[in-house]
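Residue numbers (the numbering used here), protein chains in the order written: chain U, 1 to 175; chain C, 1001 to 1697.
Where is the CB? At the ideal position from N, CA and C, for every residue including glycine.
Written as structure tokens, this is what we have:
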């Protein structure tokens, strides 16, 4: 983008060329860095259903999976810092979720629907403070051959939408 | 009652902002200055009005008027007064109002300046600032109103509305939800205002730039008028970013300070273009070049400021910063699209009049190196932008992958995201190049420089920097990346220090004492030497980043009382754990850990876990021992209930991380020096001097 503004004021001839070549070199370097780094760092988003459909094809590839956490399944061994829990499939489209009554409702439906696909997750590290029943977990990691999803270090992100903005405090005073 | 008052003040401010836009446009079109003056008065008035609106919300927050939905969302009885007040920016609606108030404050200050020399720019500055303000006020009024109140209908349902609906009774909760515990940290209390001030202050140079475009002024008047505004904006944005990092380090409990979270990047992108802008305006001032480029940079910065606010406020991205999903996303998107398109159209219209006054001749001249600096900043911006939009791009661009098989593994059509690895590996080389350039560019001359003249100016620092490299090798460091990065830091530091030395030496030879010489050198060229001080701050920050990124060590384990765990030259011993409640509604579990270095007792640390009853949320606060050499950072992960006979800890040793904060102070100090009012340098004279000779300015 800069090479156009640069090209304007410059005279034609050798002087012009060397600046354009210099600019193009930087541009090429940036493009190269973006492509190689994207290839190395991209993590594909899957819903639990999508991951399930892919089966063995998905094993071992970097992925990011979102789902609703089942509170009963959370187990934590502090000695080895091994955290395991089960996630339930939920739709990925935020717009659909919003149209359908918001994230809180989607989470609630997910955890109360026994027919939905489930995924067992293992995470080694500090148990996140937000991990609880009916929150949305987004785990980054790889699916193992045993069907367990192994999350990366710092690869567990949690979202509980209802807590601050939407929740109405239960207790009400008489006016 | 107070809320009604605040709402009306807000509504008035909105109407006045709309009026100001219309009156300024009419005044400019019809050539009647009195309409412009009236618009100016209206703009000025929006500040006291929004002060009233903010004041009434703060009053409601401080007095815990839970009838107001916003107050219920962000405060509670157990919160101390200062947190109730700062809850103004603890939630969506309040923080938008706070943003608008800051915007109005800056507009107020701009409007009170002396306009005589810039009458032609005045209406357009009013239109841009009041227009931006009106947009935000519209969002607050129609989508995120902090003055909504709870009402209960006959059937028992409760909803929030501005006015009492027919048949409904006021509903007043007993207690509020309380501020998100993560936000109850001094860093988090100051971080948002700093960032917002940085954001809104960038609107001022943008407004003048648009004024210059509309009126067809091709000189650098708009840059000169707004130079200090830009520096102030940049200062606060930098401060906001540094404070945010510090908060993450202290509160988020993952041993880091920057996670390439999309919202962090959202605040970082305007900083990148702003930094490029700060550098390239110097070229326009000195040489009359880069006029298109500067316009483009300030337009981009403005749009990125709005985009940044949008990313943080709309909850479009899931991150630690995201508030609840909100309807304001499309509004922001539309506003950015319109302003960007209009600005570019204006720039296109004035393209011919903004031609450079001179041509660039030498690849090693100061202006050419500044251009490289700008391109590198833009490269980093493109990488960041790519990373932020990649989830959307990757899903929509499966066609590219099918068309070009070589790129098929990137454009798969499956929604994907990129993490820290992407940003680090893509921006790393560009940062290194920028750092190196920071050492070379200040030594180059305007117009023309040769490798020989550059070499003459830097061979001494270069030799000494090789000694520093040798010292690192002798000290046992073998990592090529770290050696290269630290060598660049040493070299650039030495070059910069040498510049100070040379300048001061020229003065001492005229009989000044060294201290006098140094003081006057900086005082007489605040902008230049302030810039050098900023560069030294950047080097210190870079050293800190290299330290933690390349040499961070971590371990974790479960310890019985009296048991030890080792990491590097440190070891920690679990002594005891206590559980107690605090008056502000927390259950605190606090461990006592003895820290040893090389087997010798060093200190005692208290990593803890705070559980907030109201929000049912826990926070992990590290035990931290910080020195310039390294930080010992211990997290309490888990413990045996009741007996507390064993507990699990995660331990990090973060070398040099303190240099980041130290560098931050130097950086801020340098910015203050550079932006300090300085009446000495007359603009016309400085340009003439540069043109006349090829000497370094």
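Check	Outcome
Starting from residue 156 of chain U, trace the beta strand (DSSP E) in both directions and tell me its first and last residue.	148 to 159
Using 9 Å as the limit for Cβ to Cβ distance, is residue 85 of chain U near chain C?	no
Just to make sure I have the definition right: I need the residues of chain U whose C-beta is within less than 8 Å of the C-beta of residue 1619 of chain C. Which are they?	129
For residue 17 of chain U, name the three-state secondary structure that DSSP assigns.	helix
Which residues does DSSP list as the beta-bridge partners of residue 41 of chain U?	Paired residues: none, contrary to the question.
For residue 92 of chain U and chain B, any beta-carbon pair shorter than 9 Å?	Included in the structure are the protein chains U and C, with no chain B among them.
Per the DSSP calculation, residue 1160 of chain C is bridged to which residue(s)?	C/1150
When the Cα atoms are used, what is the spatial distance from residue 155 of chain U to residue 140 of chain U?	5 Å
Using a Cβ cut-off of 9 Å, pull out every chain U residue sitting near residue 1425 of chain C, in sequence order please.	33, 36, 37, 40, 41
Would you report the Cα separation of residue 27 of chain U and residue 1379 of chain C, rounded to the nearest angstrom?	7 Å
Does the beta-carbon distance from residue 1294 of chain C to residue 1281 of chain C come in below 9 Å?	yes
Identify the continuous beta strand (DSSP E) that holds residue 82 of chain U and give its terminal residues.	82 to 88
Residues in the same chain with beta-carbon distance under 6 Å from residue 1310 of chain C, minus the five sequence neighbours each way, listed in chain order, please.	1332
Whole alpha helix (DSSP H) runs in the stretch 1525 to 1609 of chain C with 4 or more residues, listed along the chain?	1526 to 1551
Quick check: the stretch 1117 to 1132 of chain C against the stretch 1031 to 1043 of chain C, are at least 3 beta-carbon pairs closer than 8 Å?	yes
Sort C/1086, C/1145, C/1072 by Cα distance to residue 1014 of chain C and report the nearest one.	C/1145
Could you tell me which of U/97, U/72, U/78 sits nearest to residue 86 of chain U, measuring between CA atoms?	U/72
Would DSSP call residue 1361 of chain C helix, strand or coil?	coil
Identify whether residue 1186 of chain C lies in helix, strand or coil by the three-state DSSP scheme.	helix
Quick check on the DSSP output: the beta strand (DSSP E) that includes residue 1417 of chain C runs from which residue to which?	1416 to 1418
Counting along the chain, where does the beta strand (DSSP E) carrying residue 1630 of chain C start and finish?	1630 to 1639
Can residue 1106 of chain C and residue 1203 of chain C be called in contact, C-beta distance under 9 Å?	yes
Using beta-carbon positions only, say whether residue 1090 of chain C and residue 1231 of chain C come within less than 9 Å of one another.	no
So if I threshold CB-CB distances at 7 Å, which residues from the stretch 44 to 62 of chain U count as touching chain C?	44, 45
Measure the C-alpha to C-alpha separation of residue 1390 of chain C and residue 1418 of chain C and round it to an integer number of angstroms.	7 Å
Do we get a CB-CB distance below 9 Å when we pair residue 1558 of chain C with the residues of chain U?	yes
How long is the line joining the alpha carbons of residue 1163 of chain C and residue 1170 of chain C, rounded to whole angstroms?	10 Å
Report yes or no: is there a C-beta of chain C within less than 9 Å of the C-beta of residue 78 of chain U?	yes
From what residue to what residue does the alpha helix (DSSP H) around residue 1070 of chain C run?	1069 to 1074
Are the Cβ atoms of residue 1338 of chain C and residue 1177 of chain C separated by less than 9 Å?	no
Thinking just about the alpha-carbon of each residue, which of C/1646, C/1641, C/1661 is nearest to the one in residue 1561 of chain C?	C/1646
What does the alpha-carbon distance come out to for the pair residue 1239 of chain C and residue 1328 of chain C?	27 Å
For residue 1039 of chain C, which option in C/1218, C/1330, C/1019 has the closest C-alpha, if you only look at C-alpha atoms?	C/1019
For residue 212 of chain U and residue 116 of chain U, what's the separation of their Cα atoms in angstroms?	Past the boundaries of the shown model lies residue 212 of chain U; chain U is included only from 1 to 175, so the question cannot be answered.
Which one or two residues does DSSP pair with residue 1650 of chain C in a beta bridge?	C/1556, C/1635
Can you name, in chain order, every residue of its own chain whose Cβ lies under 8 Å from the Cβ of residue 1360 of chain C, other than the five neighbours on each side?	1289, 1367, 1368, 1371
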